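Some notes on the structure that comes next.
Residue numbers (the numbering used here): -18 to 74.
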């Protein structure tokens, strides 16, 4: 099965809401997605069929603008890599 790639545009991610909006549109997250990190974890663990990867382009810009929320999001994705062997995160500065 081919890998699904979700490219995030870090130029446009200034908040968790921006991140959720990009993920929702690119991964077709379900309507019941609650737009918070716990809900994101739930849908990425159970509702998205693998294999898939998230490529966060221009992540340095998001990091500056999002502050701690950037670190929280990256931690979630890193934990997802441990949870799912069919998921990969790539961060591009």
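C-beta: ideal position from N, C-alpha, C; glycine also. Note that the structure is predicted; figures quoted are calculated from it, not measured.
Rounded to whole angstroms, the gap between the alpha carbons of residue -9 and residue 3 is 10 Å. Judged by DSSP in its simplified three-state form, residue -5 adopts coil rather than helix or strand. With a contact defined as Cβ atoms closer than 8 Å, residue 62 and residue 36 miss out at about 13 Å. Comparing alpha-carbon positions, the option among -15, 60 and 71 lying closest to residue 26 turns out to be 60.
Excluding sequence positions up to five before and after residue 11, its CB lies within less than 8 Å of the CB of 24 and 28, all in the same chain and listed in chain order. Within the same chain, Cβ atoms closer than 6 Å to the Cβ of residue 1 are found at 16, the five residues on either side in sequence being excluded.
Sequence-distant partners of residue -5 (beyond 5 residues in either direction) whose C-beta falls short of 7 Å from its own C-beta, in its chain, are 46 and 47.
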